[in-house]
Amino acid sequence: MTGRPSTGSTNVHRTSPQATPTTEPAAHPGGAGFDTDVLVVGAGPTGMLLAGDLAAAGVGVTLIERRPHERSNITRAFGVHARTLELLDARGLADELVRQGTPITGLRLFRRLSLDLSRLPSRFPFLLITPQYEVEKLLERRAVAAGVEFRYGTELTGLELSGSSVTAHTTDATGTRTTLRARYAVGADGVRSTVREAIGLPFPGVSVIRSIVLADVKLAEEPADLLTVNGVGDAFAFIAPFGDGWYRVMGWNRGRQVADDEPVGLDEVRDIARRALGTDFGMHDARWISRFHSDERQAPSYRKGRVFLAGDAAHVHSPAGGQGMNTGLQDAANLSWKLASVVLGRAPDPEVLLDSYESERHPVGAAVLRSSGAIVRLAMARTPLRRAARSLAAAFLSAVRPASAKAMGMISGIGISYDAPRGSHRLTGRRAPDLRLTEGRLYELLRGGEFVLVAPPGGEPDVPPVPGRVIRAHWTTDRRTALLVRPDGYIAWASGAGTPR
Ligand SMILES: Cc1cc2nc3c(=O)[nH]c(=O)nc-3n(C[C@H](O)[C@H](O)[C@H](O)COP(=O)(O)OP(=O)(O)OC[C@H]3O[C@@H](n4cnc5c(N)ncnc54)[C@H](O)[C@@H]3O)c2cc1C
């Protein structure tokens with residue numbers, strides 16, 4: 001692996017836009033000697049988005065999941081950020097999810113920090129509150145329709161790597177052991193990833209916060225703000241609505257730091273809410289109460305040979321900022337088109353393209369660890385001096401537009417961009433907004449999983465070769481910039497003047 005910063009952009013890949021693949025695509029899933037092209041381990045949100053994308057591109061995918069095929073109404077993540085909604089839009093899934101959820105346009109943190117998400121330059125200028133299981137349901141439906149072979153109740157127990165294949169050992173619910181040979185494997189198997197362990201990658205980091213209590217409850221009184229977060233003295237708490245009458249409460253009390261398996265009752269949650277928010281809003285009827293701790297960890301590498309890590313298997317951090325599921329889904333969207341290009345024989349330099357997954361996504365994971373860690377440390381501020389600093393930081397972020405725009409860009413994912421090769425146009429590596437084009441909206445055109453070339457009206461610019469097919473589209477106005485947009489909605493190449501709006 002080179003680890004070289006790259007946008008995975010067209011500057012380094014040398015096939016023509018409509019090029020014939022340089023190697024034969026697999027004639028059937030897996031091809032000769034393989035049971036499948038790509039083995040995905042873990043049917044969480046990361047694994048299902050990735051598997052669905054690969055199968056939609058024509059790659060044979062087997063997805064194994066340890067759990068049986070049943071979903072509960074218990075949810076971990078409950079917030080889908082703007083960038084994730086854009087990526088779901090590029091798969092035709094966002095509108096349905098938005099209809100089911102509750103959009104929140106304003107965040108108020110520590111009483112003084114107000115972030116107005118309605119100013120986000122996106123088709124989705126909000127945080128969508130919706131349970132993780134709704135996101136998973138949509139992704140599973142799409143993956144099934146695209147032809148992913150799901151094997152629920154099947155656990156990965158070991159993995160062997162060679163230069164040309166990956167061999168997985170699995171055990172199903174009846175105890176039957178099976179061996180599966182794939183061209184590539186992706187570990188989307190969560191924090192305690194078996195894949196990560198099997199390929200010998202460590203997961204260094206620290207435990208950042210202990211004894212967080214969580215409850216899904218009904219409230220007798222509705223909070224004034226849709227999303228309520230505050231820290232007072234030694235406690236902080238957070239309340240958000242699911243939109244169906246249920247609320248998620250999370251809280252922490254420095255005075256009660258106990259092990260995860262110490263029982264937690266609603267009285268403890270009420271007590272923390274009263275300390276931090278001044279009221280418990282009459283919470284009752286908890287359907288789920290739990291105590292957990294939160295780690296900040298990141299694998300030093302996201303790839304070893306033919307095996308990749310994505311989602312919580314690659315990085316984990318505190319739930320502050322609601323970033324975990326979102327970052328995992330964005331990892332999957334970055335990796336899927338690259339892996340599909342390589343498996344389908346469209347990438348002339350497969351190693352460079354595959355390495356760009358790590359060089360683009362590892363820094364994003366590290367940044368998320370830093371930002372979610374900063375929010376937690378602010379919330380846990382111990383001394384009066386640190387609490388005063390928290391108030392000041394909150395007031396500064398609220399008052400200074402560029403600072404709050406940067407914070408919103410980071411939290412929502414809208415501000416994420418990738419390093420561009422030296423000498424590239426300044427737009428290279430930036431997120432493409434949902435441009436209105438003669439042929440339709442950009443994110444609708446991206447639904448084919450291909451590159452989109454946006455050209456001036458009547459113009460056919462000479463673009464560099466890309467590892468995939470190119471859909472041609474045109475500005476509706478007399479704009480001179482030409483843009484080549486990658487399947488994951490980032491700009492691979494640009495020429496001419498102007499900024500896309
Ligand atoms: C309390 C809480 C609140 C959160 N809130 C948010 C939020 O608001 N927003 C947000 O973005 N994120 C949030 N998160 C984080 C989010 O839930 C995770 O980041 C997300 O689930 C990660 O998805 P994943 O697909 O990478 O992994 P997972 O969802 O963990 O899925 C991994 C899958 O792999 C399977 N598996 C594991 N080992 C094996 C094996 N050996 N063989 C086969 N299958 C295996 C598991 O059964 C599991 O289904 C929260 C987390 C917590 C704990």
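Start counting the sequence shown at 1; every next residue gets the next number (full-length UniProt numbering). We treat Cβ as the ideally placed atom computed from N, Cα and C, and that holds for glycine.
On a Cα-Cα basis, can you pick out the residue from the options that is closest to residue i?
{"i": "V59", "options": "H81, L339, P456", "result": "L339"}
{"i": "residue 502", "options": "P467, V258, I272", "result": "Residue 502 lies beyond the range of the chain shown here (1 to 501); nothing can be said about it."}
{"i": "residue 502", "options": "A407, H284, V213", "result": "Outside the displayed range of the chain (1 to 501) lies residue 502, so it cannot be described from this structure."}
{"i": "G448", "options": "G47, A57, V38, D37", "result": "A57"}
{"i": "P487", "options": "L442, T46, A455", "result": "L442"}
{"i": "G33", "options": "S118, R181, P121, A77", "result": "R181"}
{"i": "D478", "options": "P456, G251, T46", "result": "P456"}
{"i": "V166", "options": "G175, T179, A173", "result": "T179"}
{"i": "R430", "options": "P300, E70, G413, G52", "result": "G413"}
{"i": "F308", "options": "R436, G106, F124, R196", "result": "R196"}
{"i": "Y418", "options": "V452, Y357, L378", "result": "Y357"}
{"i": "T174", "options": "S301, H315, D355, R66", "result": "R66"}
{"i": "T176", "options": "S193, R192, T157, T194", "result": "T157"}
{"i": "E136", "options": "E222, G47, R426", "result": "G47"}
{"i": "G496", "options": "S164, P465, V470, P461", "result": "P461"}
{"i": "R91", "options": "A143, P121, R303, R76", "result": "A143"}
{"i": "G187", "options": "D35, R346, S336", "result": "S336"}
{"i": "residue 583", "options": "I239, D216, E221, A405", "result": "Given that the chain is displayed from residue 1 to residue 501, the structure contains no residue 583 and the question cannot be resolved."}
{"i": "D260", "options": "A492, I289, D37", "result": "I289"}
{"i": "A240", "options": "G321, G147, V258", "result": "G321"}
{"i": "A492", "options": "R472, R436, A432, T476", "result": "A432"}
{"i": "Q330", "options": "P363, R306, T194, R71", "result": "P363"}
{"i": "R147", "options": "R426, D53, E70, S301", "result": "The amino acid at residue 147 is misidentified as Arg; the sequence shows Gly. For the residues R426, D53, E70, S301, the minimum Cα distance to G147 belongs to D53."}
{"i": "V352", "options": "A374, G305, A366, G365", "result": "G305"}
{"i": "A405", "options": "R76, R119, R346, E268", "result": "R119"}
{"i": "R192", "options": "D434, R76, V316", "result": "V316"}
{"i": "F124", "options": "A473, D434, V485, L483", "result": "D434"}
What does residue i pair with, by DSSP beta-bridge criteria?
{"i": "S207", "result": "D295"}
{"i": "F238", "result": "V229, M250"}
{"i": "Y490", "result": "R431"}
{"i": "P300", "result": "According to DSSP, which records beta bridges pairwise, P300 is partnered with nothing at all."}
{"i": "V41", "result": "I64, G187"}
{"i": "D116", "result": "G106"}
{"i": "E155", "result": "T171"}
{"i": "I375", "result": "Beta-bridge pairing links I375 to no other residue."}
{"i": "G79", "result": "I129"}
{"i": "A473", "result": "V454"}
{"i": "I74", "result": "DSSP lists no partner for I74."}
For the putative contact between residue i and residue j, defined by C-beta atoms under 8 Å, what is the C-beta separation to the nearest angstrom?
{"i": "D295", "j": "G205", "result": "6 Å"}
{"i": "F126", "j": "A43", "result": "That pair is no contact at about 28 Å."}
{"i": "A333", "j": "L49", "result": "7 Å"}
{"i": "V61", "j": "A51", "result": "5 Å"}
{"i": "A168", "j": "L159", "result": "5 Å"}
{"i": "Y152", "j": "P68", "result": "6 Å"}
{"i": "V454", "j": "L446", "result": "Between L446 and V454 the Cβ distance is about 11 Å, and since that is not below 8 Å, they are no contact."}
{"i": "V342", "j": "P350", "result": "4 Å"}
{"i": "V232", "j": "R275", "result": "6 Å"}
Taking 7 Å as the cut-off, decide whether the C-beta atoms of residue i and residue j are in contact.
{"i": "G282", "j": "L219", "result": "yes"}
{"i": "I64", "j": "T154", "result": "yes"}
{"i": "D280", "j": "G255", "result": "no"}
{"i": "T428", "j": "A494", "result": "yes"}
{"i": "A185", "j": "L39", "result": "yes"}
{"i": "G468", "j": "E450", "result": "yes"}
{"i": "V213", "j": "R287", "result": "no"}
{"i": "R99", "j": "F203", "result": "no"}
{"i": "I209", "j": "V376", "result": "yes"}
{"i": "L87", "j": "L138", "result": "no"}
{"i": "S371", "j": "S318", "result": "no"}
{"i": "T105", "j": "L117", "result": "yes"}
{"i": "A299", "j": "A314", "result": "yes"}
{"i": "W246", "j": "F236", "result": "no"}
{"i": "F242", "j": "V229", "result": "no"}
{"i": "R183", "j": "D89", "result": "no"}
{"i": "L107", "j": "L227", "result": "yes"}
{"i": "S207", "j": "H293", "result": "yes"}
{"i": "S301", "j": "Q257", "result": "no"}
{"i": "residue 524", "j": "R76", "result": "Limits of the chain in this structure are 1 at one end and 501 at the other, which puts residue 524 out of reach."}
Check whether the Cβ of residue i lies closer than 6 Å to any heavy atom of ligand 2, and answer yes or no.
{"i": "L156", "result": "The model depicted lacks ligand 2 and carries ligand 1 instead."}
Inter-stretch contact at 8 Å, needing at least 3 Cβ pairs: the segment 324-333 / the segment 81-93: Touching, yes, given that three or more Cβ pairs across the two stretches are closer than 8 Å.
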